[in-house]
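A.B. asks: The structure follows.
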Amino acid sequence: MAKNNPGNFFEDFHLGQVIAHATPRTVTTGDVSLYTALYGSRFAVQSSEAFACAIGYPHAPIDDLLVFHIVFGKTVPDISLNAVANLGYADCRFLTPVYAGDTLSATSEVIGLRENSNRRTGVVYVRSTGRNTAGAPVLDYVRWVMVHKRDHAASAPQEHVPVLPKAVPVESLGKACPPLKPGAYDNALAGSAQRFGDYAPGERIDHVDGMTVEEAEHQLATRLYQNTARIHFNQFIEAKGRFGRRLIYGGHVISLARALSFNGLANAFHIAAINGGRHVAPLFAGDTVFAWSQVIERADLPGREDVGALRLRLIATRNRGCADFPDCIAEDYDPNVILDLDYWALLPR
Amino acid sequence: MAKNNPGNFFEDFHLGQVIAHATPRTVTTGDVSLYTALYGSRFAVQSSEAFACAIGYPHAPIDDLLVFHIVFGKTVPDISLNAVANLGYADCRFLTPVYAGDTLSATSEVIGLRENSNRRTGVVYVRSTGRNTAGAPVLDYVRWVMVHKRDHAASAPQEHVPVLPKAVPVESLGKACPPLKPGAYDNALAGSAQRFGDYAPGERIDHVDGMTVEEAEHQLATRLYQNTARIHFNQFIEAKGRFGRRLIYGGHVISLARALSFNGLANAFHIAAINGGRHVAPLFAGDTVFAWSQVIERADLPGREDVGALRLRLIATRNRGCADFPDCIAEDYDPNVILDLDYWALLPR
Amino acid sequence: MAKNNPGNFFEDFHLGQVIAHATPRTVTTGDVSLYTALYGSRFAVQSSEAFACAIGYPHAPIDDLLVFHIVFGKTVPDISLNAVANLGYADCRFLTPVYAGDTLSATSEVIGLRENSNRRTGVVYVRSTGRNTAGAPVLDYVRWVMVHKRDHAASAPQEHVPVLPKAVPVESLGKACPPLKPGAYDNALAGSAQRFGDYAPGERIDHVDGMTVEEAEHQLATRLYQNTARIHFNQFIEAKGRFGRRLIYGGHVISLARALSFNGLANAFHIAAINGGRHVAPLFAGDTVFAWSQVIERADLPGREDVGALRLRLIATRNRGCADFPDCIAEDYDPNVILDLDYWALLPR
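Protein sequence lines, in the order shown, are assigned to chains A, B and C.
Residue numbers for the first sequence follow our numbering, beginning at 1 and rising by one.
Residue numbers for the second sequence follow our numbering, beginning at 1001 and rising by one.
Residue numbers for the third sequence follow our numbering, beginning at 2001 and rising by one.
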């Protein structure tokens, strides 16, 4: 029996299958420091134990995207080692705050299967769940990937495509955010006087700054998440591949864009949910990432007077500033757009 | 109202103005590890909890320059986002030791203003203070920057240029260093038998080793300090700029030179004060940094028999070894000199 | 007296000499995070506090190679600053688990000396020992280096070449591994169902994945270990040197190969001993590292029913995949082989 992991092929998945992923991971303040060094994130809640405790957290929470990346990384060897492409994700909800010292583990359940007409590949839908030391879900999300078949002649499974929400409903937001102490949130320390009510649907915000990415940086990040996807690390192979380059992990782009978005959204301190996103174009080392945001919707959270939710579209570009809000629409496509992310952020009222 | 931060222009500052800077930051052992990885610093007091406790600290203190960089980084968005140039700093005093777990925040007071004769820019003098969780000052220093005016026609403020000391007086040194336990300082573990009394004014020390800097390294460092100055990160813009390159944060050079200075000053375990410094020339990725030191003065500290202070001049060069002590004097200027720093270090007697 | 460290030359060493090395170092979770970011290691015992505690450790132990690199780094300024070459190491035994918070220090004893016939260099054999805060040995190993003489005319010491074991005897393995709780080791979380008994002597395992190394990465790693060997950091000097490049620290290669070996040896959770190793060829930034392993021997540990030991040969290559197990034998030498390491790993039964 082969000792190394060949990964799962399309016919290895079946509906309802639950996969326990390897390598539980204790998150530490060391990870927090590296995350800061990799992206320069400046949100006060995650940066300062004192600030977080003042507003009602027991400790500074781990950045939501760091939690996402660690959970995502665990799923790679079982779900996407033989993937042709990551097609999408949806219904990503942050359910419990994560603190330094928590050990994260992950499982995935197969919730959909569809063989492609070429009979060489198929699409696998999984709901992946990250859990803390106590076993409480901290995060769950759906993603779907196109995976190779091992044997093209293998029979197709019963087709099942799950129905996924276009956006996470407002009612289910906020579980990972404790009630904020009234009057405790300090605008000056947080970096902006703009609260929830100061943002209006339709508003666009240029995040101005740009960040050039180096090979060492995205490799350090992706290894930190114990994400083993080969395309990010192996120049010897990728030199002969589609791009001739190592491809930067899409999550690295999300974290860069989110960190840049501080400049204009400094009080959007918590990602409550990710509704979906597209990696419109690849990013490579040497490219400079810019970002802009649009407010899609402003929502009250049922039963909460401390925070409100903004549904935001976060667009990242490469090698192009965002002062004119380069967009990502089929008929007016900007070739420098690399990310189109739709998420819910919480802001203090 | 614009949501992103346009930074302050010259006419936004007024004498006596106090600015609370954003993003308090809890310093952790993760930051310590990154600092070690970035510079390779080997001073025993900061590296070893056991060594620090043996000599009288309650914990290993955070490297003085790491504290400086974190506090400095906070001031950037408010003070120097629209700066033409950082002109200087002075009277930098380390006042309280910082330990892992402390949350640092920063404020700046405007202590001087002088419009330039071209009426397009002005010089702003601020005293910036870093504070720990309890609000005690850990560090304060003056810096002055040349800042753009938003409106060239705006009237000039009353000119006020503060009087700054050429050097921090000996009487005020040592506040961030607890009394050392007699006989507890171990030369072998510290890496040198050379104590305070073994150094003589005028003496020059070649620190021998060189360190080549990579883009990823200085970017990781500067983001770790949450320093957002654009010139360090954005190759897309800088490619068209003055240097065609990202400029390395001057503090990165100071930390590199200080780490190199271990080889010859292993017992200079604490920076008590920085009297001033000049970034004589820029540093870019690919350059190799060397350093040498000269003892300017040797001073007893009033009331202390455990430690003494050396006033040191620390010169860093790029792409040139320091065996012949390349200098930075107007009439005999070495074009490879990049840093001329004047500071007080404490050494055990 | 020179203040900087000239390092020791051959005639500075004498048989029985014990050298206390500088800079004790407290290991923290920050170091663990950096180690993960540098190598992407996925062994569950070191990655997860919860997993480690479940099987019987009081905490997640620090990766064995991180301990090795930190101890090794301390010996460099005293042992190998004037080395022509690192010739070998042997009899490396891990004796006590190291946990975050432990302070490591190191001493070396000179156990052998042999002047070379050219009278310009000599070989120094040292046994180096790393100790924790309480002074308990956590690691010891022998290495021998060829060192320059300061004065070629200096008389030769009495020649003494120590007898070294070809392999660490089975009886002395396992001291740094507590008894595992029966039934507590979870294959799914660990990433493999292959236990001790599933591996057979002679078996070869391709670890499949490749990792490209960047200058910033190996510099960050080597500085993290406070290893000051100049050849790793100084491009200005090395540009004129033998390779024209900075040479990557050999320990970086070992850690990369070990991390890659997870893919096929996921349950080989602890390095109990290193029998010896050769850095067959140098590694430079831009190269991609691959690895494969061969099982040399399978050994029961006296008195232990929880774990068994595999003696493994770990071969790393540069810019060549390992599907056909490129070897490192005199008569059939593969020029892409860079590392040939012989070690004992523990696996659960």
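The beta carbon of each residue, even a glycine, is placed where N, CA and C say it ideally should be.
Nothing here was measured: the structure is a model prediction, and the numbers come from that model.
Out of B:Pro-1006, B:Gly-1122, B:Val-1337 and B:Val-1067, state which residue places its alpha-carbon closest to the alpha-carbon of Gly-1112 (chain B).
C.D. replies: B:Gly-1122
A.B. asks: Is Thr-2023 (chain C) helix, strand or coil by DSSP?
C.D. replies: coil
A.B. asks: With distances taken Cα to Cα, identify the nearest neighbour of Ser-2128 (chain C) among C:Tyr-2185, C:Val-2110 and C:Ile-2055.
C.D. replies: C:Val-2110
A.B. asks: In this structure, how does DSSP classify Pro-2077 (chain C) when only helix, strand and coil are distinguished?
C.D. replies: helix
A.B. asks: Within 8 Å of any Cβ in chain E, is that where the Cβ of Ala-2345 (chain C) sits?
C.D. replies: Given the protein chain composition of this structure (A, B and C), no chain E is represented.
A.B. asks: Closest to Gly-250 (chain A) by C-alpha separation, out of A:Gly-264, A:Ile-237, A:Ile-231 and A:Phe-236, would be which residue?
C.D. replies: Closest in C-alpha terms to Gly-250 (chain A), from the list A:Gly-264, A:Ile-237, A:Ile-231 and A:Phe-236, comes A:Ile-231.
A.B. asks: Mind listing which residues of the region 230–254 of chain A have their C-beta closer than 8 Å to chain C's C-betas, in chain order?
C.D. replies: Arg-230, Phe-233, Asn-234, Gln-235, Phe-236, Ile-237 and Arg-246
A.B. asks: Taking only the alpha-carbon atoms, compute the straight-line gap between His-270 (chain A) and Ser-47 (chain A) and give it to the nearest angstrom.
C.D. replies: 12 Å
A.B. asks: Just list the residues that DSSP pairs Phe-290 (chain A) with in beta bridges.
C.D. replies: Its beta-bridge partners are A:Thr-317.
A.B. asks: Identify whether Gly-1276 (chain B) lies in helix, strand or coil by the three-state DSSP scheme.
C.D. replies: Correct three-state label for Gly-1276 (chain B): strand.
A.B. asks: Quick one: using the 10 Å Cβ neighbour count with 16 as the cut-off for buried, is Lys-1181 (chain B) buried or exposed?
C.D. replies: exposed
A.B. asks: Can the beta-carbon of Gly-2174 (chain C) be found less than 8 Å from the beta-carbon of Ala-2285 (chain C)?
C.D. replies: no
A.B. asks: Is the Cβ-Cβ distance between Pro-2006 (chain C) and Tyr-2057 (chain C) less than 8 Å?
C.D. replies: The answer is no: Cβ separation not under 8 Å.
A.B. asks: Is the beta carbon of Asn-86 (chain A) closer than 8 Å to that of Arg-150 (chain A)?
C.D. replies: For the pair Arg-150 (chain A) and Asn-86 (chain A), the CB atoms are not nearer than the 8 Å cut-off.
A.B. asks: Could you check what DSSP says for Val-32 (chain A) in three-state terms: helix, strand or coil?
C.D. replies: helix
A.B. asks: If you run the structure through DSSP and keep just helix, strand and coil, what is His-252 (chain A)?
C.D. replies: helix
A.B. asks: In whole angstroms, what is the alpha-carbon distance linking Phe-1009 (chain B) and Ala-1309 (chain B)?
C.D. replies: 39 Å
A.B. asks: What's the C-alpha gap between Arg-42 (chain A) and Tyr-185 (chain A)?
C.D. replies: Spanning the two alpha carbons is a distance of roughly 15 Å.
A.B. asks: Starting from Gly-30 (chain A), find everything on chain C with Cβ-Cβ shorter than 8 Å and list it in chain order.
C.D. replies: Thr-2028, Thr-2029, Gly-2030, Asp-2031, Val-2032, Ser-2033 and Leu-2034
A.B. asks: Residues of chain C with CB under 8 Å from Arg-1042 (chain B), in chain order?
C.D. replies: Ala-2022, Thr-2023, Gln-2226 and Thr-2228
A.B. asks: Report the start-end ranges of each beta strand (DSSP E) in the region 1038–1122 of chain B that is 3 residues or longer and not cut off at the edges.
C.D. replies: 1083–1094 and 1103–1115
A.B. asks: According to the neighbour-count rule (16 or more other Cβ atoms, all chains shown, within 10 Å of its Cβ), is Ala-2200 (chain C) buried or exposed?
C.D. replies: exposed
A.B. asks: Could you tell me which residues DSSP pairs with Glu-297 (chain A) in its beta bridges?
C.D. replies: A:Arg-311
A.B. asks: Specify the secondary structure class of Ser-2128 (chain C) as computed by DSSP and reduced to three states.
C.D. replies: strand
A.B. asks: Taking C-alpha atoms, which residue in A:Phe-72, A:Asp-12 and A:Asn-234 lies nearest to Gly-244 (chain A)?
C.D. replies: A:Asn-234
A.B. asks: Output needed for Ala-281 (chain A): all residues of its chain with C-beta closer than 8 Å, excluding positions within five of it in sequence on either side, in chain order.
C.D. replies: Arg-318, Pro-335, Asn-336, Val-337 and Ile-338
A.B. asks: Count the other CB atoms, across all protein chains shown, that sit within 10 Å of the CB of Pro-1348 (chain B); report buried if there are 16 or more and exposed otherwise.
C.D. replies: buried
A.B. asks: Compute the Euclidean distance between the alpha carbons of Ala-44 (chain A) and Ala-1037 (chain B), then round it to the nearest angstrom.
C.D. replies: 25 Å
A.B. asks: Could you tell me which of A:Leu-301, A:Asp-324, A:Ala-221 and A:Asn-118 sits nearest to Ser-293 (chain A), measuring between CA atoms?
C.D. replies: Of A:Leu-301, A:Asp-324, A:Ala-221 and A:Asn-118, the smallest CA-CA separation from Ser-293 (chain A) is found for A:Asp-324.
A.B. asks: To which residues of the same chain is Ala-2193 (chain C) closer than 8 Å at the C-beta, ignoring the five residues directly before and after it?
C.D. replies: Asn-2187
A.B. asks: Which one of C:Ala-2167, C:Tyr-2099, C:Arg-2131 and C:Pro-2178 has the shortest CA to CA distance from Tyr-1991 (chain C)?
C.D. replies: Summary: the structure shown does not reach residue 1991 (chain C), with chain C confined to residues 2001 through 2349, and so no result is reported for it.
A.B. asks: Can you tell which of A:Gly-130, A:Gly-303, A:Pro-169 and A:Ala-153 has the C-alpha that lies nearest to the C-alpha of Ile-70 (chain A)?
C.D. replies: A:Gly-130
A.B. asks: At a CB-CB cut-off below 8 Å, which residues of chain A make contact with Glu-1214 (chain B)?
C.D. replies: Glu-214 and Ala-216
A.B. asks: For Leu-2265 (chain C), which of helix, strand or coil comes out of DSSP?
C.D. replies: The answer is coil: DSSP assigns Leu-2265 (chain C) none of H, G, I, E or B.
A.B. asks: Hey, could you find the ends of the alpha helix (DSSP H) Arg-223 (chain A) is sitting in?
C.D. replies: 215–224
A.B. asks: Taking C-beta to C-beta, are Ala-1257 (chain B) and Val-1295 (chain B) nearer than 8 Å?
C.D. replies: no
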